[in-house]
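Under UniProt numbering, the first residue of the sequence shown is numbered 1, with each subsequent residue one higher.
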Amino acid sequence: MGLQSMLFTSPAPDVQLENCLVSDPAHIGEGIHAVGEHVRRIQIALNEVDAAGLVVDGVYGGGTGDAVEAYKNKRGILSPGQLTADRIVGKGTIRHLDDDVIEFESLTPPGDGLVSPTEAGDPHDHSQCPTPPRVSAPGPDGRAQHQGTPINPIGNAMRINIYGEGETDYLGFSDFATEPQHAHGRPLTAVLANGCASDICMRSAPINQVTLNEIRRLAQSALVGGCRFTYASTQVQFATPRADILSLGTVIQQHRIADPTDPANPQFDMEVWVVEMF
């Protein structure tokens with residue numbers, strides 16, 4: 001059986017990681033298959049399951065080697081005759097990482113975390129949330145629902161929901177569009193100043209190069225508090241390459257949330273990524 005975690009298989013399995021699972025020559029380490037998307041995914045996995053604090057740059061350098069060695073020593077992942085772990089991701093290491101990431105992904109985002117795990121959102125007066133026609137896909141009560149949206153924003157500058165439908169109004173976000181042909185009444189981000197946003201989110205909307213450029217432009221500098229980007233979408237709609245999201249910063253949370261109307265069908269699970277922007 002191949003790798004199973006969302007991180008290692010979505011939006012598409014990584015060939016190098018799959019090969020690493022079954023072939024010794026495909027092992028990954030310093031100077032060995034040391035650059036690429038497969039390394040980014042390993043770095044994210046170590047950050048998620050071992051709090052490694054790695055910069056996610058897709059380069060297997062000394063820091064990544066240190067983190068792999070520490071991860072393997074903690075879990076006793078040793079080859080025959082070894083007393084301490086090496087710094088290479090091989091068959092056993094990638095399988096252990098995959099299992100640990102699956103466990104991490106199965107955790108429901110905590111109510112006091114950074115993402116709403118339910119349609120209810122953070123406690124608020126839901127009777128004031130918007131309804132159609134502004135909302136195209138309301139919850140069962142006919143109002144905007146909040147699953148997969150940010151909670152506990154940084155909040156020291158603007159909060160922007162790109163292509164939002166009012167689902168984050170209650171937290172002080174404002175809906176904007178990055179391109180006029182998709183605005184549908186939303187103001188354009190072009191009117192906003194550089195570095196104005198502490199929080200940016202998107203849900204069930206594709207990311208193209210125009211939007212990526214605007215997200216980077218709007219993000220507040222880390223020198224004055226930084227910016228957090230939250231992206232949520234079902235796997236069916238998740239067409240953006242993972243590298244685009246990773247290029248924005250370091251993934252600090254990643255979750256899979258079941259569709260409440262079809263919880264047994266993982267095809268409609270929502271993937272949520274929270275990125276601390278560079």
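Cβ coordinates follow ideal geometry from the N, Cα and C atoms, glycine included.
Coil, strand or helix - residue i by DSSP
i, result
"residue 219", "strand"
"residue 69", "helix"
"residue 363", "Since the first and last residues shown for the chain are 1 and 278, residue 363 lies out of range."
"residue 29", "strand"
"residue 191", "helix"
"residue 243", "helix"
"residue 115", "strand"
"residue 211", "helix"
Residue range of the unbroken alpha helix (DSSP H) whose run includes residue i
i, result
"residue 20", "15-22"
"residue 49", "37-50"
Best match in the options for proximity to residue i [C-alpha to C-alpha]
i, options, result
"residue 99", "75, 140, 116 and 212", "75"
"residue 63", "30, 79, 85 and 90", "30"
"residue 41", "6, 70 and 22", "6"
"residue 254", "142, 186, 115 and 243", "115"
"residue 152", "92, 227 and 190", "227"
"residue 94", "175, 176 and 3", "3"
"residue 21", "10, 1 and 37", "1"
"residue 8", "148, 208 and 96", "96"
"residue 162", "175, 252 and 70", "175"
"residue 147", "13, 272, 61 and 24", "272"
"residue 258", "245, 275, 247 and 234", "234"
"residue 187", "177, 181 and 193", "177"
Identified DSSP bridge partners for residue i
i, result
"residue 158", "197"
"residue 89", "28"
"residue 150", "115"
"residue 257", "270"
"residue 174", "160"
Cβ separation of residue i and residue j, assumed to be a contact under 8 Å, to the nearest whole Å
i, j, result
"residue 85", "residue 78", "6 Å"
"residue 144", "residue 167", "4 Å"
"residue 219", "residue 200", "7 Å"
Residue range of the unbroken beta strand (DSSP E) whose run includes residue i
i, result
"residue 270", "270-277"
"residue 9", "Careful: residue 9 lies outside any beta strand (DSSP E), inside the alpha helix (DSSP H) at 6-9."
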